[in-house]
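See below for the structure under consideration.
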DNA sequence: TACAACCTTGCCGTTTACGTAAACGTTATG
DNA sequence: CATAACGTTTACGTAAACGGCAAGGTTGTA
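Chains as they are written, first to last, in the working numbering: chain R, 1 to 166; chain U, 167 to 332.
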């Protein structure tokens with residue numbers, strides 16, 4: 001009996017090592033994330049194999065980026081993405097809603113959550129930019145001293161040899 | 167006998183808990199960073215108390231920012247800041263150099279290292295910005311669906327309920 | 001000089017984020 | 001239908017980044 005389960009839209013579902021390769025994680029990490037409630041595979045095979053759809057893959061990619069690029073802890077990521085139970089509820093809520101008002105509400109919720117995510121990412125970006133600005137300040141300071149030296153001028157009061165990076 | 171050791175420029179040296187409060191770290195963390203070779207206090211008191219100067223404080227602030235704001239591991243921070251032995255060497259090299267060419271070389275080295283730091287921070291910023299852009303893409307996608315719904319139009323093919331954040 | 005308030009070096013404990021192996025079930029293929 | 005190649009759960013192991021003692025020495029002040 002084949003495992004070739006298909007999603008409603010016809011896309012293939014991936015087994016854990018397939019998604020792992022796809023998104024650049026290990027199967028162990030993915031299972032761990034599930035244990036933490038960060039994501040649940042869209043389905044399980046007859047024999048209990050985890051099966052992931054495109055949406056899961058996207059979520060895993062996002063998790064990885066939040067971890068590697070943004071440097072968030074898994075706990076923070078959990079808060080950012082909300083818990084998996086709510087995700088499943090909202091997913092079903094949208095999929096099965098016959099009432100347009102219901103579907104609208106689900107989308108509106110998703111919008112608010114994304115706005116929160118963007119705000120948090122923007123704040124982090126701001127702090128990073130501040131650090132860069134500071135580092136460039138130190139750079140200018142040193143370059144200035146260097147210029148003074150090259151111009152034969154004596155440094156007035158070299159209070160330090162140049163700040164953090166010596 | 168007082169501990170009031172003074173730096174060449176007359177500034178007071180701080181004891182570990184004083185710097186800890188100053189930069190927002192714990193004494194334990196600071197000792198751990200020393201153990202990892204991230205920084206060594208400028209001096210020790212007669213009775214072996216750690217004594218930090220303004221330069222150390224600045225370095226600790228930078229370490230903290232790299233950890234909290236940029237999300238680097240202590241190992242990465244170590245690579246970014248180079249090892250403490252080199253720091254001490256270069257510090258002494260600059261302080262004691264009578265020859266301007268020597269001093270120039272020390273400053274030039276510092277400049278190169280800061281440039282590296284800035285480049286690494288910039289790269290991180292780039293990845294963060296990419297994430298933000300992606301999140302905003304998702305946001306637009308959802309907003310569009312929402313607009314369609316509100317306009318009474320039927321969604322053409324709601325392949326998902328909205329991406330990562332549901 | 002007595003003493004509280006700090007500091008020192010061990011050293012063991014804890015949380016996070018997985019790695020790794022055991023023992024066993026599942027799936028695709030010849 | 002045999003079997004290799006994958007998957008499952010369970011559980012113990014580990015590196016990173018500290019927290020928190022204990023046992024003792026140091027410092028500023030009364």
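Using N, Cα and C, we set each Cβ at its ideal position, and we do this for glycine too. Since this is a predicted model, take the numbers as computed values, not measurements.
Check, Outcome
"How would you call residue 316 of chain U, buried or exposed, if buried means at least 16 neighbouring beta carbons within 10 angstroms?", "exposed"
"Between the Cα of residue 181 of chain U and those of U/216, U/309 and U/189, spot the shortest distance and give me the residue it belongs to.", "U/216"
"So, helix, strand or coil for residue 2 of chain R, using DSSP?", "Only weak support exists for where residue 2 of chain R lies, its pLDDT of 45 falling under 50; the value from the coordinates is given anyway. Of the three classes helix, strand and coil, the one that applies to residue 2 of chain R here is coil, per DSSP."
"Helix, strand or coil for residue 225 of chain U? Go by DSSP, reduced to three states.", "helix"
"From the beta carbon of residue 41 of chain R, is the nearest beta carbon of chain U less than 9 Å away?", "no"
"Apart from the five residues on each side of it in sequence, which residues of its chain come closer than 8 Å, Cβ to Cβ, to residue 57 of chain R?", "14, 19, 22 and 23"
"When DSSP builds the beta bridges, which residues end up paired with residue 15 of chain R?", "R/51"
"So, at 7 Å on beta carbons, what are the nonlocal neighbours of residue 3 of chain R in its own chain, with the 5 sequence-adjacent residues on each side left out?", "With a pLDDT of only 48 at residue 3 of chain R, under 50, the local geometry of the prediction cannot be trusted, and the value read off the model is given with reservation. Only 45 and 49 meet the Cβ criterion."
"Go to residue 239 of chain U, then tell me how far its alpha helix (DSSP H) extends in each direction, as first and last residue.", "Looking at the DSSP string, residue 239 of chain U is not in any alpha helix (DSSP H), and its letter there is neither H nor E."
"Check the Cβ of residue 50 of chain R against every Cβ in chain U and list those closer than 9 Å, keeping chain order.", "Residues of chain U passing the Cβ test: none, with the nearest at roughly 19 Å."
"How many Å lie between residue 115 of chain R and residue 305 of chain U at the Cα?", "7 Å"
"Give the C-beta separation of residue 134 of chain R and residue 291 of chain U to the nearest angstrom, bearing in mind that I take them to be a contact with Cβ-Cβ under 8 Å.", "Contact flag wrong, Cβ pair sits at about 13 Å."
"Thinking residue 104 of chain R and residue 82 of chain R are a contact (beta carbons under 8 Å), I'd like their distance in whole angstroms, please.", "That belief does not hold up - the Cβ atoms of residue 104 of chain R and residue 82 of chain R are roughly 19 Å apart, past 8 Å."
"Rounded to a whole number of angstroms, what is the C-alpha to C-alpha distance between residue 259 of chain U and residue 274 of chain U?", "12 Å"
"Output the residue ranges of the alpha helix (DSSP H) runs that lie fully inside the segment 84 to 134 of chain R and measure 4 residues or longer, sorted by chain position.", "84 to 96"
"Whole angstroms are fine: how far does the CA of residue 236 of chain U sit from the CA of residue 287 of chain U?", "8 Å"
"Please list, in chain order, all residues of the same chain as residue 34 of chain R whose beta carbon is under 7 Å from its beta carbon, the five residues on each side excluded.", "40"
"Per DSSP, which one or two residues make a beta bridge with residue 43 of chain R?", "R/51"
"Since residue 55 of chain R contacts residue 65 of chain R with CB under 8 Å, what's their CB separation in whole angstroms?", "Residue 55 of chain R to residue 65 of chain R, Cβ: 16 Å. No contact."
"Would you grab the beta carbon distance between residue 142 of chain R and residue 276 of chain U for me? Rounded to a whole angstrom, and I think it's under 8 Å.", "5 Å"
"Should residue 225 of chain U be labelled buried (16 or more other beta-carbon atoms within 10 Å of its own) or exposed?", "buried"
"Counting only beta-carbon atoms, is residue 75 of chain R nearer than 9 Å to chain U?", "no"
"Enumerate in chain order the residues of its own chain whose CB-to-CB distance from residue 52 of chain R is below 7 Å, with the five nearest sequence positions on each side excluded.", "13, 14, 19, 41 and 42"
"Could you give the C-beta distance for residue 202 of chain U and residue 246 of chain U, rounded to a whole number, given that I count them as a contact under 8 Å?", "Incorrect: roughly 13 Å between the Cβ atoms, too far for contact."
"Cβ atoms of residue 78 of chain R and residue 25 of chain R: under 9 Å apart, would you say?", "no"
"Should residue 106 of chain R and residue 119 of chain R be called a contact, given that it needs their Cβ atoms to be closer than 9 Å?", "no"
"With 16 other CB atoms within 10 Å as the buried threshold, where does residue 256 of chain U fall?", "buried"
"Can you pull the chain R neighbours of residue 284 of chain U, defined as C-beta to C-beta under 8 Å?", "132, 135, 136 and 139"
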